[in-house]
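All remarks here apply to the structure that follows.
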Amino acid sequence: AAELVLDDSLYPQIKDNFFGQRFTGGPSAQNNGWETIRIGNSGISAQTIGAEIVGNYFEGDEGEAETISDKTQNNHIANNTFRDIRKGWVTACLGGGGTYENNTFFNTLGLRVGNTDDQIPDHPGLTLSNNYLQGPNEKILLPGYQTDVRIENNTVYNGTGTYQSETYTTGRYSLEY
C-alpha cells in the first residue's frame, strides 16, 4: 500500500522529511498502489486538497512507477530532492492546478503529466518550473492529451546510458509531448 496517503486531508504540509529505500510492493504481477506519497484518488480528483510537499528527500523509493502520485487539485510540490529512483516518476495523474517547482532529480525518471490511457483530456493549469533533472533516464513527459501545462525554466541533462523505455515514450527526447 502507499506509504503516505492524503485522501481525506485538507491543506496538509509534508515538509523536511526523508523517504528512503522503499521496495517494490504488491502481488508479483501487480505493484500499482505502492506510491511513496499519494495525494488523493480517482474518485476525488475534482477536490482541492492543497497539499504542500516541500523540502523532502527521496532516495531509492522503488515502491512503484509513481513516487508521488498527485490525483487532486491545487497541490504544490517544491524544493524536493529525488535520487536513485530508477522507475519512479513524480506524476500528475488527475486533477489540475498544481505547481511542481525547484525540485532536483538525479537518476530517476522525472516528471510525468498523465498517462496514455487517460480518459481526462487535460489536467488544466499545471505549472512545471525551475526543476533540475540529471541522469540517463530523466524526462519531462506528457503522454496523454495535455494542452494547458506551463513548462518553463527547467533543466534536463541526459547523461550517458540507455533510457528505460515506457510504453508511452520513445526515450529519445528529454521533453516528450
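What the sequence shown shows, in our numbering, is residues 73 to 249, in sequence order. Even glycine gets a Cβ: it sits at the ideal position worked out from N, Cα and C. Given the structure is predicted, the values throughout are model-derived calculations rather than measurements.
Determine the direct distance from the alpha carbon of Ser114 to that of Leu205, and round the result to whole angstroms.
Within the sequence shown, numbered from 1, the residue matching residue 205 stands at position 133. Within the sequence shown, numbered from 1, the residue matching residue 114 stands at position 42. Leu205 and Ser114: Cα-Cα distance of roughly 28 Å.
What does Arg94 pair with, by DSSP beta-bridge criteria?
Start at 1 with the first residue of the sequence shown, and residue 94 comes out as number 22. Answer is Asp133.
Please return the same chain residues whose Cβ sits closer than 8 Å to the Cβ of Phe95, not counting the five positions on each side in sequence.
Here residue 95 refers to the residue found at position 23 of the sequence shown. Answer for Phe95: Glu134 and Gly135, listed in chain order.
Which first and last residues belong to the beta strand (DSSP E) in which Gln206 is found?
For the purposes of this step, residue 206 is identified with residue 134 of the sequence shown, where counting begins at 1. Start and end: Tyr204 to Gln206.
Measure from the alpha carbon of Thr199 to the alpha carbon of each residue in Asn209, Glu138, Gln218 and Asn187, then state which is nearest.
For the purposes of this step, residue 199 is identified with residue 127 of the sequence shown, where counting begins at 1. Checked all of Asn209, Glu138, Gln218 and Asn187; the closest Cα to Thr199 is Gln218.
Continuous beta strand (DSSP E) assignments of at least 3 residues falling wholly in the stretch 163 to 193:
171 to 173, 176 to 178 and 182 to 185
Please classify Glu224 as buried or exposed, where buried requires at least 16 neighbouring CB atoms within 10 angstroms.
Here residue 224 refers to the residue found at position 152 when the sequence shown is read from its first residue. So Glu224 counts as exposed.
Could you tell me if Lys87 is buried or exposed, where buried requires 16 or more neighbouring beta carbons within 10 angstroms of its beta carbon?
Position 15 of the sequence shown holds residue 87. It is exposed - the Cβ of Lys87 has fewer than 16 other Cβ atoms within 10 Å.
In whole angstroms, what is the alpha-carbon distance linking Thr153 and Phe178?
Start at 1 with the first residue of the sequence shown, and residue 153 comes out as number 81. Start at 1 with the first residue of the sequence shown, and residue 178 comes out as number 106. Cα to Cα, Thr153 sits roughly 8 Å from Phe178.
Buried or exposed (CB count within 10 angstroms, at least 16 for buried), Asn203:
What you label residue 203 is simply residue 131 of the sequence shown in a count that begins at 1. Looking at its Cβ environment, which holds 16 or more other Cβ atoms inside 10 Å, Asn203 is buried.
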